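Here the structure is laid out as structure tokens; the discussion comes afterwards.
Number of protein chains: 2
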Amino acid sequence: MPYDPSAFPPFAVTVDLVVLTVRRHALCALAVRRGEPPYQGRWALPGGFVRADEDIAAAAARELAEETGLLAHDPSLPAPPNAAHLEQLATYGDPDRDPRMRVVSVAHLALAPDLPAPRPGGDAHSVRWAPVEVLLDGNGAYRQDAASPPLAFDHARILADGVERARSKIEYSSLATAFCPQEFTVGELRRVYEAVWGVALDPRNFHRKVTGTPGFLVPTGGTTTRQGGRPAQLFRAGGATLLNPPMLRPEA
Amino acid sequence: MPYDPSAFPPFAVTVDLVVLTVRRHALCALAVRRGEPPYQGRWALPGGFVRADEDIAAAAARELAEETGLLAHDPSLPAPPNAAHLEQLATYGDPDRDPRMRVVSVAHLALAPDLPAPRPGGDAHSVRWAPVEVLLDGNGAYRQDAASPPLAFDHARILADGVERARSKIEYSSLATAFCPQEFTVGELRRVYEAVWGVALDPRNFHRKVTGTPGFLVPTGGTTTRQGGRPAQLFRAGGATLLNPPMLRPEA
DNA sequence: GTAATAGTGTCTCTAAGACAATATCTG
DNA sequence: CAGATATTGTCTTAGAGACACTATTAC
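Sequences listed follow chains A and B, in order.
Residue numbers 1 to 252, in UniProt numbering, belong to the letters of the first sequence in order.
Residue numbers 1 to 252, in UniProt numbering, belong to the letters of the second sequence in order.
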């Protein structure tokens, strides 16, 4: 009895976004402050309803653009200037996850370079980049009080899943470049890995490895001294999606 | 404006199952024949509606038990006799994926050992194990005719995604043991890898590798000659979930 | 000059892949 | 016996990690 179209329980379907970036050597996520109950005043992940005739991926891309001005882009094409990586993460549908009604949320993961503009449109005081460690551990200014959980609904779980996805995916794919501007140095890419994994990497072995992995980095010919020290070569992301051999996350 | 509970578009939410097993050296998926339009008479993945107060994972476990008699089990516990691995795969919600109404399907992936019983309950002629190659390529007896796609709805896409998930996940996790009976030999485990990846592996290097990976296999002390030749040691799955170092899939 | 970052080279060790040789069963 | 599968061992080589050393900037 696979389908009975005349009698099915109605659900609301939403998308929630885990938008990650690297700012000041820390992995940060986009959080919005809730203006109404439930969880009023609490921080939450951005998101919203999927429209009646809208594809789920399109809804996620629309929410991302509304919150950040970033465009989701097809990874097989070269990245336009204001591009972010966007992929489906997982779906959360516990019957009690929203106290008002049955809501199934299709969470998505977006990876963005550090945004120079403070964000076009929207209230600056109700949308913020917060270090994921603060949002997940519940320490620091984003916590209401010592007893309350830091994020509304099941968003701590969703954020944790998104962070773990990002941490593992930069091992075997070139996704770490999604955190970098269009042109970047090997040192800047290394600082991305260090921030996402929370470890220190050997600059010399890292350099040898990323420049030796075919298709990962393409030199642009330019150099920069924006990190100080000796001028560093600039690179763009190469065509490779999967890294072979992979970057290995150091053991605990 | 994250939520407006009074006005949201209603969706039907279903679970679809990619149930994989290894039979006669081939990776096979469970397929059911549709008894009503649309796609009447066509093969499809098993699935059904999520109930009004049912968790999504519980709905997937219920459908799995209804179709196969298998129990989904927590991977942190030792596997009971009739256990299968079950995990969420991805969510498919194209507005046109079902011609009757807006249906969002949360697909799940299940891995099961080859079932000795032909299946308890249900019509044997409308539920079958079919090689995934046949279901995806559309060649062979499961194809209606040369022009029609082999699987209903977007189920070919879902099946392909599930197969790719299984292929990559047995590289870095101990999930391949989910295709084996509770006690198995190194050779039987190797034939699982060969069937899922569709390659031939060196028996000697495979043996050295799996027995050398800590926590992967635990010897039970027994031996068997069910594969012919010299008696082989029997093993159970060890406690390890992630394999370090991973099993490497041979390159193309 | 010092301090910083960038980049190259060298050494050691783990482990992957190729494959020889031996062990123990069935027919 | 031949033929099947299981298991151990050996050799070669790719690559990860540790780390010395040189290069080029800012101050």
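Glycine included, each C-beta is placed from N, C-alpha and C at the ideal position.
Here the structure is a predicted model, which means the values were calculated and not measured.
- Burial state of residue 15/A is buried, judged by a 10 Å Cβ sphere holding 16 or more other Cβ atoms.
- A direct Cα-to-Cα measurement between residue 193/A and residue 70/A gives close to 22 Å.
- Any Cβ of chain B closer than 8 Å to the Cβ of residue 162/A would place that residue at the interface, and such an atom is absent.
- By the C-beta criterion, the stretch 27-46 of chain A is judged not to be in contact with the stretch 238-247 of chain A, since fewer than 3 inter-stretch pairs fall below 8 Å.
- For residue 168/B, no beta strand (DSSP E) encloses it; the enclosing alpha helix (DSSP H) starts and ends at 155-172.
- By the neighbour-count definition (other C-beta atoms within 10 Å, threshold 16), residue 46/B is a buried residue.
- Counting other Cβ atoms within 10 Å of its Cβ, residue 154/B reaches 16 or more and is therefore classed as buried.
- Secondary structure note for residue 193/B: its alpha helix (DSSP H) is the uninterrupted segment 186-197.
- Taking a Cβ-Cβ threshold of 8 Å, the residues of chain A close to residue 11/B are 10, 11, 12, 13, 50, 104, in chain order.
- The residues 20, 21, 22, 129, 130, 131, 132, in chain order, have a CB closer than 8 Å to that of residue 28/B in the same chain once the five nearest residues on each side in sequence are set aside.
- Within a 10 Å sphere around the beta-carbon of residue 67/B sit 16 or more other beta-carbons, which makes this residue buried.
- Not one beta carbon of chain A lies nearer than 8 Å to the beta carbon of residue 40/B.
- If you look at residue 70/A, you'll find it isn't in any beta strand (DSSP E); DSSP assigns it neither H nor E.
- Identification of chain B residues near residue 54/A by a Cβ-Cβ cut-off of 8 Å yields 95, ordered along the chain.
- Per DSSP, reduced to three states, the secondary structure at residue 26/A is strand.
- Within chain B, the residues whose beta carbon sits less than 7 Å from that of residue 90/A are 88, listed in sequence order.
- In the DSSP assignment, residue 87/B forms a beta bridge with 109/B.
- Nearest C-alpha to residue 109/A among 91/A, 53/A, 180/A, 10/A: 91/A.
- According to the DSSP assignment, residue 211/A belongs to the alpha helix (DSSP H) that extends over 203-212.
- If you draw a 10 Å sphere on the C-beta of residue 173/A, you find 16 or more other C-beta atoms in it, and that means buried.
- Cβ-Cβ separation between residue 175/B and residue 85/B: approximately 6 Å, consistent with a contact (criterion under 8 Å).
- Around the Cβ of residue 105/A, a 10 Å sphere holds 16 or more other Cβ atoms; the residue is buried.
- The alpha-carbon separation between residue 60/A and residue 88/A amounts to approximately 9 Å.
- A straight line joining the alpha-carbon of residue 98/B with that of residue 111/B spans about 26 Å.
- Residue 179/A carries a helical assignment under DSSP once its states are collapsed to helix, strand and coil.
- Listed as beta-bridge partners of residue 48/B by DSSP are 15/B.
- With contacts defined as CB atoms closer than 8 Å, residue 206/B and residue 238/B fail to qualify as a contacting pair.
- Rounded to whole angstroms, the separation of the alpha carbons of residue 30/A and residue 152/A is 14 Å.
- Residue 53/B sits close to residue 95/A, with the two beta carbons spaced by under 8 Å.
- Inter-residue distance for residue 158/A and residue 64/B is about 25 Å (C-alpha atoms, whole angstroms).
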